[in-house]
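Comments concern the structure below.
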Amino acid sequence: MTITRIEPGKRLSAAVRHGNTLYVAGQTADTDTGSIELQTKEVLAKLDRLLGLGGSSKAKLISINVYLASIADFAEMNKVYDAWLDTANLPARATVETRLASPNLRVEMTAIAATD
Numbered sequence: 007m008t009i010t011r012i013e014p015g016k017r018l019s020a021a022v023r024h025g026n027t028l029y030v031a032g033q034t035a036d037t038d039t040g041s042i043e044l045q046t047k048e049v050l051a052k053l054d055r056l057l058g059l060g061g062s063s064k065a066k067l068i069s070i071n072v073y074l075a076s077i078a079d080f081a082e083m084n085k086v087y088d089a090w091l092d093t094a095n096l097p098a099r100a101t102v103e104t105r106l107a108s109p110n111l112r113v114e115m116t117a118i119a120a121t122d
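Using our numbering, you'd call the opening residue of the sequence shown number 7 and step up by one each time.
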């Protein structure tokens, strides 16, 4: 099987496609001083873009992991997430509170999806 690395960098690839599975690395907002709503929108836009580059879409999500700097942001993050989600094709999901790479980051997400 072929392994395709999407946007490889110094330490990681933004996504890796292996066979019919796409693995998306942790995505964070570019606006690291923004609200949880803004940061969540930016992260989901990055997921959409990487899913597309990998031959997938949110309709083919298998799982998403959500990392929140503060679990107090859970409800506000979910408002944006719920509006983005393909409700006919719900992925498995976990949400945890953790320290993120920058103290201003409020949310990070990883994803696994099927491809065409």
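No residue lacks a Cβ here, since even glycine has one placed at the ideal position from N, Cα and C.
- Residue 119 and residue 57 have their C-alpha atoms spaced approximately 8 Å apart.
- DSSP, read as helix, strand or coil, puts residue 39 in coil.
- Judged by their CB atoms, residue 111 and residue 46 are not nearer to each other than the 8 Å cut-off.
- Take residue 10, set aside five residues on each side of it, and the residues of its chain with a beta-carbon closer than 6 Å to its own are 23, in chain order.
- Here the alpha carbons of residue 64 and residue 41 stand approximately 23 Å from one another.
- Comparing alpha carbon positions, the residue from 8, 114 and 37 closest to residue 60 is 8.
- Annotation: residue 19 to residue 117 spans about 13 Å, alpha carbon to alpha carbon.
- Under the 10 Å beta carbon count, residue 113 is surrounded by 16 or more other beta carbons and is classified as buried.
- Between residue 109 and the set 69, 92, 75 and 70, the nearest pair of CA atoms involves 75.
- Residue 86 sits away from residue 53, with the two beta carbons spaced by 8 Å or more.
- Residue ranges of uninterrupted alpha helix (DSSP H) with 4 or more members, entirely inside the segment 47-100 and ordered along the chain, are 80-90.
- Contact annotation: residue 68 and residue 94 have beta-carbon atoms that are not nearer than 8 Å.
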